[in-house]
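Remarks on the structure that follows.
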Amino acid sequence: MTAPATGTRPAGTSPHGRVAGPVTPARSRLTARATPYVFLLPGMALFIGLMLYPMVQAFRMSLYEWNILPGAVSQFVGLANYGRAFDDPVFWTALVNSTVYMLVTVPTQMALGMGIAVLLNQAIRGRVAFRVLFYLPVVTSWVVVSLLFKYLFNSQAGLVNYVLVDLLGVLGSPVAWLQNRWTALATISLLGIWKGMGWSMLIFLAGLQGIPADLLEAAEVDGASTARRFFAITLPLLRPVVVFVTIMLVIGGFNVFISVFLITGGGPANQTEVLLTQMYEQAFSFLDFGYGAAIAYLLTALIFGLSFIQMRWFDYGEETAA
Amino acid sequence: MNTTRWGLLVTLLFVAAACAGGGDSTTAASEPDTPTVQASEPAAPEEQEAAEPSAEPEEAGGDPVTVTYWHAYNEEGPEAQALNEVVIPRFEEENPNVTVEAVAFPYDDLRQKLITSTAGGTLPCLVRSDIIWVPELAELGVLVALDQQMTDFDELASRTYEGTLATNLWDGSYYGLPLDTNTRVLMYNQEALDAAGLSEPPATFVDLQALADGLAEDEAFAFADNGTSGWNMLPWIWSAGGALTDEDITQATGYLNSPESAAAVEMLVDLHGAGEIPDLILGADGGIATSEGLPKATYATILDGPWMFPIFEGQYPDFELQTALMPEGPGGSVSVVGGEDIVLTQSCEQPEAAMDVIRFMLSDFAQTEMARVGQMPVLSDLGDQLTDIQPYYAIFAEQLQTARPRTPHPQYPKIEEVMSTEIQRAFRGEVSVQEALDSAAEQIDQILTSS
Amino acid sequence: MTRARPATKVLVYAVLLVGAAITITPFVSMVSTSFKPQAFVLELPPQLIPEEPTVGNYTRAWTSNGFARYFLNSAIIAAAHVIGVLGLGSMMAYAFARFEFVGKKVMFYALIITLMIPGMMLIIPQFLLARDLSLIDTRLGLVLFYIAAQLAFVTFLLRGFFESVPRELEEAMRVDGAGAWRIYWNLMLPLSRPALATAGIFAFLFAWDEFIWALTIINDPDLRTLPIGIALFQGQHATAWGLVFAASIIAITPVLIVFVVFQRHFVSGLQAGAVKG
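Residue numbers (numbering that gives the first Met the number 0), protein chains in the order written: chain A, 0 to 321; chain B, 0 to 450; chain C, 0 to 276.
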C-alpha cells in the first residue's frame, strides 16, 4: 500500500479515509469497512464451501488408514502416513524427478514466453497469427499431446529418431527415449516446455500491454538501448506479473501428472515416477487414500514453502498481501 | 447507480446459473416415468427381497423399474451398438416393466469412476467389471454375493468356463458371473518364421529358443510383449510349472521364486539379453507396439487376445494372422484368463430386476449376439454355435480349458506392481532373476499377511 | 506497443518464424494423421502428406453418437464458467488490490494454498459434497465447482494487474464522488481489459478441457462434455488415432475462436492515454 496508515485511524480504513464527502463520518467509516467484504462475499462463500472444506476433509483423510466405504470406520493413525513417505524409496525418486522437471521447465518456459511476448508486442504484420500459433499447444488437451509425444518419441518408429538418425545423422543409433530415466524425463520436460510456453507468453503479453508506451518512447528519445529499456523499465514494471507467473509455473511444475501418467506411467520400474503419479497410484490403484493424501499434503507443503520464499524474495508479500 | 451495476452483475450470474441448471430439468422431464435407482425412496433391505426368491419373476402390472448398468464397451464401435440395439431391446420386450439404462464410460477411466462412486454410495445396479477388480470390490463390501441371492446361481455358473468363473470367487462366495472372456494365445507371422527356416510355430519353450537361434541378428525379434505385469508374465511362469502364490493365496515365497518360476523368467531375460525380445518388454511403451510389429514381421510371435483379429483386419487387411496354443513348458500350455464379469452392487434398489438382467446377459441369445461383435462368450457348451460365428474363437476356447485367472485377491493391483517392478529390474540387468524374484516374493508375503 | 526499425524487424520475423516452425511440427503430424485412414496412421518413414487423404475421420467424429450435443454442453458450461469466474474473481481481486481489511492475509494465503494442493486428491471429498448438495448429474454441479476451482487463480492473476493501475485515476474519480462500486466497474474493469481477456481465455480453456470432474459427476450421456466424448473414442484394445486426432482438432477450434476474439482486447496505450487525460 502506498498510502501509509495514519495515527489513530485503524489501518483497515486508510484508503477510504479521504472519501468522507457529505455522508456522516461514522456511517462512512462503517460502509468503508464493510465494502471489501461485500466484494469478497460471493466468491469467498463459494470458495470456502467447495474448495477449502474438501481440502480440510482431504487432510483428515491423510491422518487415517482411510476406508473409502461410506459409513465405514477408518483407523486413526496420526502422522504415520507422512512417516511412511520418508521411508519409501519411490517417494524419494518421485520427489527428485518432480524437482528436476520443475527446475528444467520453469526457467525455460519463462525465458521463451517472455522473449516471444516482447517480439509479439511490436507493431508487426501477422501478429495475431503468431499469437495463435504459439498458443496452439496450450489449448490442445494434455491427453492428446501426451499421446502425440509418445508417438513422436517412439524408439523404433518415431519421427524424432527418424529425423535424428536417418535424416540428419546426428545420432548413430535410435535412442530408447522412454525406457531410461533421464531420456524419458527429458522427453516429458520438452513436452512441458512446448505446451506451457504459450501460457506464459500470453500473460506477459497482457502485462506488456499495461506498460505506458510513452514511458518507453521517452527512454528511447533519451538514447536508451533496447536491452536497457527492457531491463530498466519493462521488467521492473512487470514485476508483479513475473512473480505471478513464476509462482504459478512452480506450482504447475510440481503438479506434473497427465504427461507422465500417459507417456511412461512412472515406469520402467518406477524410474520416472513423479509425486502425483505416485499419489494417484496409491489412491486410485491401491485404494490407499490416506497415504495418497499424505503425499499430496507433503507436496503442498513443499510448494507453499517455495512460494513463500519467492514472495519474500521479491518483496511481493510485503507490498501486496500485507 | 452503484446498486444498478451490482444488480446487473448478479442478474448476469443468475442467467448463467439458470442456463447451467436448465438442462437438468429438461432431461429430467424427458423421462418422467422412469425413476432411477438412485432415487431416495426407501427400499426393502436386500435380505428381505432375497428371502422371497424370485417367486414372481414377471410381476405383471408391477411398477416400472429402471436398472442402471455401467460398462466400457466401445461406444463408437459395434459392441455398444449390439448391446443397445439388439440385446437390451430384446430384454425389455420380454420384461416390459423393466428399463435398462446402459451407460458407457471410457475404458481407462471406469475404475476411477467406480471407486469414487463407491465412496459416495452411488454405484449403479450392475457393472461390467474387469475380472481383476471383483475381489477388491467384494472385499470392500459393495457387491452382492450372487451365489447366496440367486437361486439358480449354480445352474448359470455350471455352464461357464471354470477359470473364468473363478475370477468371481472371494472369501468363499461368488460375487459375480462371467460376462465375456478371453485369453492369450500365440500369434505368429509365417513370413518371419520362414526367415528362420521354420514351417511350424513354436509349440514348446525349446522351439521358441530354436526360433530365436534361427533368426539372424538383423531379422525379426523372436517374441515381443509390452510389459512384465501378471498378464504378460504369468503364462510363462505357469507353463514352466511355477506359480505366483500357493493355492490359498497366503504366501509367494517358494512359489514366485521357485526354480520353475525362475526358469521361465530367466528364459525371457536371456532372450531379451540376446536381442531376441525387444525393449518393449521393459514396459513404459516407447517402441513398436505388438499390434504393429507382428504384421510388419518385425516380431515373429506375440501373445494376444481375440480382439486382435478385427484390429488386424481393419489395419492390415493383407496380413494373414495365424494362431497356436501358448508354447508348452514343463507345466503344460497354460495361459491367462482375461475378460469381464457382471456384478450386482449393494446400492441397487431393484435387485430382482437386475438379476433378471444378469440371467439374460448369460443367455444363449445375448452371448451369441455379443460374440458377433468380438465379445467371446463364457458358456463353455456353445460348441459349434461359437465357431460358426467366428472360426477364430476355436483356439481361444481350447486354450481356455487350461487357462488360469490372475490371483483373485483384493490386493492384486499391489501384488502385481511389486512383481512387475522387480522383474523389470532383472530385465534391466540390475539384479539377477533369482534376486528379483526373492525380493518380490518377500514383499508379496508382507502384503498377503497384512491384509 | 512499440514500433521496430526495419533492420530489427527482419530479425524479429526470422526468430518468430523459426520458433513457430518448431512449435507447430507436432501439430503437423497430428493434422496429417487426422486425414489418414486407419491403415496408414503408423507408417514408417512418417508421411507428411497422406497417401490417400480422407475427411472420413472428421465426418465420423462429428456424426457419432451425441458428439454435437457434447459440443453444445461444453459451450454452455464454458460460457457460464467464464462469466461466473470473471465476475466473482474480479470483485475479489479488487478487494485484495485496493483495500485493507481484517483477515486479508489469511484469506489471501487460503486462496494460494488451494492452488497448490493436487486437485485429484479433492475428488472424493468434493464428490461427497456434490452428492449431498444434489449436484450430481447437473450442469450446475460442473459450473459451480469449476468456478470454485479457478477462483483463486483468476483472483490472483487479476489482482496483479489491478495493482498496476495507477492510483491517481482512482483519486480523481473519488474527488468526483464516486464510490467503490463505480470505481470497480467504470475504472478497474475497463482498464484491465487485457488482463480480463487473458483470464477469460484461461477460464474458457479450463472449462472446455476439464475431464476428471466431468467424468466423476456426470452419468447421464445427454450431459456429457467434449473431453469425455473424445475419451470414448479410445477403445480398450486399440485406439483409432485418426479419429481421436480429428475429434481433438474439432474441439480445439472454438478455443481458438475465443482466443482470437478475446485477444482483440489487448489494445495498447489505454492506460497511457488515461493517465495523460
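Here a beta-carbon is modelled for each residue, glycine too, at the ideal position from N, C-alpha and C.
Beta-carbon to beta-carbon, L436(B) and S260(B) are separated by about 6 Å, close enough to satisfy the 8 Å threshold. In the three-state reduction of the DSSP assignment, W169(B) falls in the strand class. DSSP places Q277(A) in the uninterrupted alpha helix (DSSP H) bounded by L274 to Y279.
As a beta-bridge residue in DSSP terms, F222(B) pairs with T300(B). Shown in chain order are the members of the segment 112-136 of chain A whose Cβ falls below 7 Å from a Cβ of chain C: I115, L118, N120, Q121, A122, I123, V127, F129, R130, V131, L132, F133, Y134, L135 and P136. In terms of beta-carbon proximity, E368(B) stays away from the interface with chain C, with every pair separated by 8 Å or more. Distance between F220(B) and L214(B), taken at the CA atoms: about 8 Å. For chain B, the residues of the segment 151-166 of chain A that bring a beta carbon within less than 9 Å of one of its beta carbons are F152, N153, S154, Q155, A156 and G157, in chain order.
Against chain A, the CB of A194(C) has a partner CB under 8 Å away; the residue lies at that interface. Counting only Cβ-Cβ distances below 8 Å, T121(B) has contacts in chain C at R130 and I135, in chain order. With a threshold of 8 Å between beta carbons, P177(B) makes no contact with chain C. Of all residues in the segment 60-80 of chain C, only S63, N64, I75, I76 and A79 come within less than 7 Å of chain B when Cβ atoms are compared, listed by chain position. When DSSP assignments are scanned along the segment 363-422 of chain B, the uninterrupted stretches of alpha helix (DSSP H) that are 4 or more residues long and fall wholly within it turn out to be 363-371, 383-388 and 392-399. In summary, the residues of the segment 167-178 of chain C whose CB is separated from some CB of chain A by less than 7 Å are R173 and G176, in the order they occur in the chain. Per DSSP, the continuous beta strand (DSSP E) segment holding W69(B) begins and ends at V64 to H70. Taking F152(B) as reference, the option from A165(B), L176(B), Y298(B) and G196(B) with the minimal CA-CA separation is L176(B).
For K413(B), the chain A residues whose Cβ falls inside 7 Å of its Cβ are F285, in order along the chain. Closest in alpha carbon position to A6(C), among Q108(A), I123(A), F253(A) and A84(A), is I123(A).
Linking F204(B) to E265(B) through their CA atoms gives a straight-line distance of about 12 Å. Within the segment 90-108 of chain B, the residues whose Cβ lies closer than 8 Å to some Cβ of chain C are V102, A103, F104, P105, Y106, D107 and D108, listed in chain order. Contact of K35(C) with chain A is not assigned, every C-beta pair being separated by 8 Å or more. Rounded to whole angstroms, the separation of the alpha carbons of A175(A) and V99(A) is 20 Å.
Between the C-alpha atoms of L293(B) and S332(B) there is a straight-line separation of about 22 Å.
Taking 8 Å as the cut-off, the Cβ atoms of A84(A) and A293(A) count as close.
Secondary structure of Y36(A) (DSSP, three-state): helix. At a cut-off of 8 Å between C-beta atoms, E265(B) does not count as an interface residue with respect to chain C. Distances from the alpha-carbon of M310(A) to those of G291(A), E64(A) and V240(A) put V240(A) closest. Taking 7 Å as the upper bound on Cβ-Cβ separation, chain B lies near no residue of the segment 239-253 of chain A. By the rule that beta-carbons nearer than 8 Å mark a contact, A118(B) touches chain C. Within chain C, the C-beta atoms nearer than 8 Å to that of S306(A) come from I111 and M115, in chain order.
Note that the C-beta distance between F232(C) and S33(C) is not below 8 Å. Taking 4 residues as the minimum length, the alpha helix (DSSP H) runs contained wholly in the segment 263-329 of chain B are 289-292 and 307-314, in order along the chain. A175, W176, L177, Q178 and A183: these are the residues of the segment 166-191 of chain A whose beta carbon lies less than 8 Å from some beta carbon of chain B, given in chain order.
Counted as a single uninterrupted DSSP element, the beta strand (DSSP E) harbouring V102(B) occupies residues V97 to A103. Looking from the CA of T276(A), the closest CA among Q108(A), N96(A) and F243(A) belongs to N96(A). Between the segment 182-201 of chain C and the segment 144-158 of chain C there are three or more C-beta pairs closer than 8 Å, enough to call the two in contact.
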